[in-house]
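In the working numbering, the protein residues as written are 561 to 901.
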């Protein structure tokens, strides 16, 4: 499935390493950092940075391109159903891994009480669900390159939410970063030839949900560290249940009728790639510094935009390239020093 991470993509993958890189995005969707423990846990398999970073980049790009292919080329425009399926797949997958591997040993260090669930996991799950649904809905209206450019605004949204909630005090450097990224994204939007206001609003809403989710994680789950798989273990069932409540009012029975024209292997492979992205994220966050992971994410986005132009024939204007470059510089500055007081 789903971080993009947080991103933000049906990738629950969430998960860019947007909190510690900073957290690896699930589609475009980010998740909390690895759990720390007083005891010595069993050693997990290790991969070198030279091996895992290309794997993570390939899986992250594949999830995004595969979802876009599913929605637009295969004419299966049902993001709520697709996200729900990915979440159900992830819920089952994490529990299988918990029983058969040590990849989810971090669950032993996380104490989820009823109070923690109701006050933290549930509201964060609601924001996560909204981010995933809206982030995937945007692919029905906007091109992959333009969506990736808009995702550069996530750090700005995080700062603005933090400022509004008085979690972080603005300073000259942070304000400069906000204006720099905003200026770059504005130029990229201005140059978009197939601009859709509906798609823009949907993607902007997804960014707001994702930023709020990340800030809420920092506030409500401070000290409770979870890697992407452990996080998915707890959030996937919650988000799946929320989505199942939303599905009848958004897409109804249409996706179930459309399944008759869709090869089951497409859905299975689509969810599998998204789930593998979360596994890759676990290894990724342990092999490099925040700067290395940030640069890897930037390179992945550049390659993804280039690949989308080649594969889907989506043209981008020079002003968009310039604007996105400005936003990326601001993003790198934010990741390396902008979030420090």
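Ideal Cβ placement from N, Cα and C applies to all residues, glycine included.
Check                                                                                                                        : Outcome
Segment contact flag, the region 705-713 with the region 879-886, C-beta cutoff 8 Å, min 3 pairs                             : yes
CA-to-CA distance, residue 631 to residue 700, given in whole angstroms                                                      : 7 Å
Candidates 634, 767, 758 and 829, of which the one nearest residue 650 by Cα                                                 : 829
Buried or exposed (CB count within 10 angstroms, at least 16 for buried), residue 906                                        : Given a span of 561 to 901 for the chain in the structure shown, any question on residue 906 remains unanswerable.
Candidates 873, 625, 730 and 691, of which the one nearest residue 774 by Cα                                                 : 691
Cβ pair residue 684, residue 802 closer than 8 Å                                                                             : no
Burial state of residue 654, where buried means 16 or more other Cβ atoms lie within 10 Å                                    : buried
At least 3 beta-carbon pairs within less than 8 Å: the region 740-752 vs the region 658-667                                  : no
Straight-line gap, residue 896 to residue 761 (C-alpha atoms, nearest Å)                                                     : 29 Å
Whole-angstrom C-beta distance between residue 844 and residue 613, which should lie under 8 Å                               : 7 Å
Close beta carbons around residue 795, own chain, < 6 Å, minus the five adjacent residues each side                          : 685 and 688
Nearest to residue 812 (by Cα), restricted to the options 638, 863, 729 and 759                                              : 638
Residue 669 versus residue 787 - alpha carbon distance                                                                       : 11 Å
CB contact flag (residue 800, residue 644, <8 Å)                                                                             : yes
With 16 other Cβ atoms within 10 Å as the buried cut-off, status of residue 705                                              : buried
For residue 610, the nearest candidate out of 856, 792 and 814 (CA to CA)                                                    : 856
Sequence-distant residues of the same chain with beta carbon closer than 7 Å to residue 636, five excluded per side          : 630, 818 and 822
Residue 690 - containing alpha helix (DSSP H), residue span                                                                  : 682-697
Segment limits, alpha helix (DSSP H) that includes residue 705                                                               : 704-711
Which listed residue (894, 887 and 876) has its alpha carbon closest to that of residue 703                                  : 876
Classification of residue 666 by the beta-carbon crowding that lies within 10 angstroms, buried from 16 upward               : buried
Start and end residues, alpha helix (DSSP H) containing residue 773                                                          : 757-780
Counted within 10 angstroms of its Cβ, other Cβ atoms place residue 859 as buried (16 or more) or exposed                    : exposed
Status (buried if at least 16 other CB within 10 Å, exposed otherwise) for residue 727                                       : exposed
Residue 809, DSSP secondary structure in three states                                                                        : helix
Terminal residues of the alpha helix (DSSP H) in which residue 644 lies                                                      : 639-660
Closest Cα partner of residue 835 within the set 618, 785 and 647                                                            : 647
Residue 622: first and last residue of the uninterrupted alpha helix (DSSP H) it sits in                                     : 609-628
Own chain residues within Cβ distance below 7 Å of residue 715, not counting five before or after                            : 741, 891 and 894
Option nearest residue 768 by Cα separation, candidates 791, 608 and 722                                                     : 722
Residues of its chain near residue 872, where Cβ-Cβ distance is below 8 Å and the 5 sequence neighbours each way are ignored : 628, 703 and 704
Cutoff 8 Å: residue 627 Cβ touching any chain B Cβ                                                                           : The chain inventory of the structure shown lacks chain B, comprising one protein chain alone.
Exposed unless 16 or more other CB atoms sit within 10 angstroms - verdict on residue 838                                    : buried
CB contact flag (residue 879, residue 695, <8 Å)                                                                             : no
Beta-carbon gap between residue 681 and residue 790 smaller than 8 Å                                                         : no
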